[in-house]
Structures are given as C-alpha cells and as structure tokens.
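Trainee:
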Ligand code: C5P
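Residue numbers (UniProt numbering): 5 to 229.
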C-alpha cells in the first residue's frame with residue numbers, strides 16, 4: 005500500500021485566545037505543526053504529507069519542514085472538512101490517507117504503526133481512547149438529565165485512516181447530506197462504512213485551550229528522554 009498523510013492546519017484557533025493560529029505556537033522551541041508533522045515526514049511508509057493552510061497563512065514558509073521534499077501544501081477551506089477535501093483533491097486515489105490534526109503534536113510512532121497495520125488488513129481505523137470520567141447528559145440550563153453508560157464511549161482522536169477514493173466520496177456525500185462532519189469517521193458512520201477503533205495513547209491530546217500547551221510541552225519533553 006501507499007500512504008499519504010493529510011494535516012488540516014487551516015484553522016484560526018479561536019479558543020486559544022492568542023494573536024496567531026495555535027498550530028504555530030511554540031512547543032519546546034518548535035511550532036506545534038512541526039511536531040504534528042514530524043512523525044509522518046520521518047516514517048518510511050509514508051510517501052507524502054499534504055498540509056492544508058489558511059489562505060492568509062504567514063507562518064508556514066518560515067518553518068524548517070516547509071522545504072522538505074515529502075511536503076506539499078494546499079489552501080484549506082471554511083470548515084475542517086473543506087480543508088481535508090482540498091488536500092484529498094491532490095492525492096492519488098489509490099493511496100491510503102492518514103488524516104491528522106495539526107493540533108495533536110504528541111502522537112507516537114507506535115500508534116501510527118497500529119493504523120498502518122490495520123490498513124494492510126484493509127481496515128478503516130481511527131485512534132481512540134476509552135472514556136474514563138462518568139459522563140452526564142444535561143439539559144440546556146446545565147442541570148443533569150441522566151448519566152450515560154460510559155462502557156461504550158470513546159474519545160475519537162487522530163490519525164484517522166481510510167482509502168483516499170472512499171474518503172473523498174463519503175465526505176462529499178456527507179456534506180451534501182447536511183451531516184456535521186467533525187471528523188472523517190463521522191462521515192463514514194453516516195455512510196454505513198465499518199470503522200475500527202484502535203486504542204491509542206491517551207496523551208495524544210488535542211491542544212484546544214491555553215492550558216493544554218503546558219501539558220503538551222511536558223508530554224513531548226518526556227517522550228524525548
Ligand atoms: O479548531 P479545531 O481544533 O477543531 O481544529 C482541528 C484541526 O483542523 C486543526 O488542526 C485546524 O487547524 C484544522 N482546521 C482546518 N480548516 C478549518 C478549521 C480547522 O484545517 N477551516
């Protein structure tokens with residue numbers, strides 16, 4: 005099989021409350037996006053890394069990875085799914101695609117290898133971790149309605165791995181169908197496709213709020229030891 009990584013990095017990171025997009029915030033001296041892309045650049049099974057950038061991106065060209073031969077960029081879209089579709093447009097239909105958020109800098113190679121192994125078995129798969137907290141379903145006024153059975157609940161993470169042609173078709177159909185596509189798997193579920201959950205490290209966190217940044221720094225520093 006041939007693999008291409010897709011990294012949607014065209015968001016503006018509103019929830020981080022800072023002057024520039026969160027994927028460029030420095031973590032241990034390097035932009036978050038460089039950390040998120042590094043594993044894919046280094047992995048021998050991955051032929052290309054396609055990164056979707058905001059039309060007004062001022063920062064990517066300044067990164068060291070910008071000149072790497074495996075990397076190409078596309079202009080992203082309004083929503084994350086539009087950015088992913090823009091990337092899929094430039095990828096060979098026969099490739100398997102691993103979609104990974106720029107905001108997840110702490111991915112480890114073991115977890116990436118698990119997804120590649122599933123693809124070799126022709127399985128669509130996403131990294132995920134079982135929910136640990138007790139989960140509440142609430143009403144609009146934040147009063148608890150009931151407790152949800154967490155034994156079947158998972159946190160969906162990235163990478164998420166699919167054949168390129170199938171993913172392109174399903175994402176387009178889901179958008180036309182009015183589905184709220186917050187990750188690739190949500191469109192696949194809607195289309196009735198089988199998607200496997202692969203238990204990944206729980207510290208593959210998505211940097212969303214300012215306080216997540218320190219945690220990502222800590223996790224990455226510890227991985228390097
Ligand atoms: O904002 P959020 O953390 O949900 O974004 C997830 C990922 O999708 C980020 O890497 C972000 O840069 C990317 N994204 C994108 N295009 C958009 C919105 C978000 O590539 N229009």
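Beta carbons: idealized from backbone N, C-alpha and C, even for Gly.
1) Assuming residue 191 and residue 175 are in contact, meaning their beta carbons sit under 8 Å apart, how far apart are those beta carbons, in whole angstroms?
2) Hey, would you say residue 56 sits closer than 9 Å to residue 77, going by beta carbons?
3) Do residue 104 and residue 7 have their C-beta atoms closer together than 9 Å?
4) Any contact of the region 164-172 with the region 86-103, i.e. 3+ C-beta pairs under 8 Å?
5) Any idea if residue 16 is buried or exposed, counting beta-carbon neighbours within 10 angstroms, 16 or more meaning buried?
6) Buried or exposed for residue 12, going by 16 or more other Cβ atoms inside 10 Å?
7) Is it buried or exposed, residue 204, if we count other Cβ atoms within 10 angstroms and call 16 or more buried?
8) Label residue 94 either buried or exposed according to how many other C-beta atoms from any shown protein chain fall within 10 Å of its C-beta, with 16 as the threshold for buried.
9) With distances taken Cα to Cα, identify the nearest neighbour of residue 136 among 118, 72, 153 and 123.
10) Just list the residues that DSSP pairs residue 129 with in beta bridges.
11) The beta strand (DSSP E) with residue 149 in it runs from where to where?
12) May I ask you to report which of helix, strand or coil DSSP gives residue 30?
13) Quick one: which unbroken beta strand (DSSP E) runs of 3-plus residues sit fully inside the region 90-132? Chain order, please.
Mentor: This is what the structure gives:
1) Locating residue 191 in the chain shown gives position 187, counting from the first residue. Locating residue 175 in the chain shown gives position 171, counting from the first residue. About 5 Å separates the Cβ atoms of residue 191 and residue 175, confirming a contact at the 8 Å cut-off.
2) Here the question's residue 56 lines up with position 52 in the chain shown. Here the question's residue 77 lines up with position 73 in the chain shown. Yes, Cβ-Cβ distance for residue 56 and residue 77 is below 9 Å.
3) Here residue 104 is taken as the residue at index 100 of the chain shown, counted from 1. Here residue 7 is taken as the residue at index 3 of the chain shown, counted from 1. Not closer than 9 Å, so no.
4) They touch, by the three-pair rule.
5) Counted from its first residue, the chain shown places residue 16 at position 12. By the 10 Å Cβ count, residue 16 comes out exposed.
6) Here residue 12 corresponds to residue number 8 of the chain shown, with the count starting at 1. So residue 12 counts as buried.
7) Position 200 of the chain shown, counted from the first residue, corresponds to residue 204. Buried, because 16 or more other Cβ atoms sit within 10 Å of the Cβ of residue 204.
8) Residue numbering aside, residue 94 sits at position 90 when the chain shown is read from its first letter. Counting Cβ neighbours within 10 Å, residue 94 comes out exposed, since fewer than 16 surround it.
9) Reading the chain shown from its first residue, position 132 is the one you call residue 136. Cα-wise, what sits closest to residue 136 is 153.
10) Taking the first residue of the chain shown as position 1, residue 129 is located at position 125. According to DSSP, residue 129 bridges with 165 and 200.
11) To locate residue 149, count along the chain shown from 1; it is residue 145. Residues 148-152.
12) For the purposes of this step, residue 30 is taken as the residue at position 26 of the chain shown. Look at residue 30 here: in three-state DSSP terms it is strand.
13) Segments of the beta strand (DSSP E) lying fully in the region 90-132: 100-103.
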